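Numbering (my numbering), first residue to last: 55 to 308.
Below: the structure, in structure tokens.
Rendered as structure tokens:
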């Protein structure tokens, strides 16, 4: 699919972070429906910790190992976590905005550039903003605001390329997926289409419209939330063998 470009992803990261920071303090104890055991406070503190760590990764430099990154501070508990989140998010944005994004950077999928982290954090913030907004909604608040469709489609692509690929390399494909195919189609963007095929050599990905063992259709946002297990598979149009789709999501444990 077409790369949405780093400027759009920076805008998405800025917007989604501001949305998280603006969650109501009186809903911090509200449960997150798709994350059993988590509350809105857990989401805010977790996402803030991730932003602080990514900032530390950027500041450590391209030659540093990920486990050498030490966040400058911790996330507090209670209502103070919202202001602390805003500060963590702003610090990360400032780090991205002043940096050459083509500079090499360590990542958990191998050497890349700082742009990789912009993309990762844009989708991190989007998914966790839905967690936060879902919690607020269960406490009587409004429905979550929609995600940007182009960015959401890129989020599905990132889940496939950066997440699923880590669990589905050569020799890693479970019996339930060997020889099977999954087709995903985002219906609200022009080229959001993926065919995943699984063999002993691992997972291969092409962008084509063809018949598969199971097809998943929906908006890019619906697909993004489904692959991240924030919405059930029956929130999508599903054609074919649902067990294949379930096997894929069960294998990608992130």
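All C-beta atoms in this analysis are idealised placements derived from N, C-alpha and C, irrespective of residue type, glycine included.
Remember, predicted model here, so these are calculated numbers, not experimental data.
query                                                                                                                                                                : result
Looking only at its chain, what residues have a beta carbon closer than 8 Å to the beta carbon of residue 58, apart from the 5 residues adjacent to it on each side? : 204, 205, 207, 208
Please classify residue 241: does DSSP put it in a helix, a strand, or coil?                                                                                         : coil
Cα separation between residue 128 and residue 103?                                                                                                                   : 7 Å
Taking the straight line between their C-alpha atoms, what separation do you get for residue 134 and residue 237?                                                    : 44 Å
By DSSP, does residue 102 sit in helix, in strand, or in coil?                                                                                                       : helix
Could you give the residue range of the alpha helix (DSSP H) that holds residue 171?                                                                                 : 168-192
Using CA coordinates, which residue listed in 94, 90, 297, 151 is at the minimum distance from residue 109?                                                          : 151
Just tell me which of 181, 267, 252 has its CA closest to the CA of residue 280.                                                                                     : 181
What is the rounded straight-line gap between the Cα of residue 93 and the Cα of residue 79?                                                                         : 12 Å
Comparing the C-beta of residue 306 with each C-beta of chain B, is any distance below 8 Å?                                                                          : The structure shown contains no chain B; it is built from a single protein chain.
Please classify residue 273 as buried or exposed, where buried requires at least 16 neighbouring CB atoms within 10 angstroms.                                       : buried
What does residue 248 pair with, by DSSP beta-bridge criteria?                                                                                                       : 238
Rounded to whole angstroms, what is the Cα-Cα separation between residue 90 and residue 284?                                                                         : 11 Å
Run through DSSP, which three-state label would residue 259 get?                                                                                                     : strand
State buried or exposed for residue 264, treating a residue as buried only when at least 16 other CB atoms are found within 10 Å of its CB.                          : exposed
Looking only at its own chain, which residues have a Cβ that is under 6 Å from the Cβ of residue 268, when we skip the five neighbours before and after it?          : 236, 294, 295, 298, 299
Can you tell which of 222, 286, 275, 282 has its C-alpha closest to the C-alpha of residue 318?                                                                      : Examination of residue 318 is not possible in this model, given that the chain is present from 55 through 308 alone.
Between the segment 149-169 and the segment 117-126, are three or more C-beta pairs nearer than 8 Å?                                                                 : yes
Alpha carbon to alpha carbon, what distance is there between residue 112 and residue 118?                                                                            : 9 Å
Looking at residue 198: is its Cβ nearer than 8 Å to the Cβ of residue 188?                                                                                          : yes
With a CB to CB cut of under 6 Å and the five nearest residues on each side skipped, what residues in its chain are close to residue 67?                             : 175, 176, 179
For residue 98, which of 69, 142, 215 has the nearest alpha-carbon?                                                                                                  : 142
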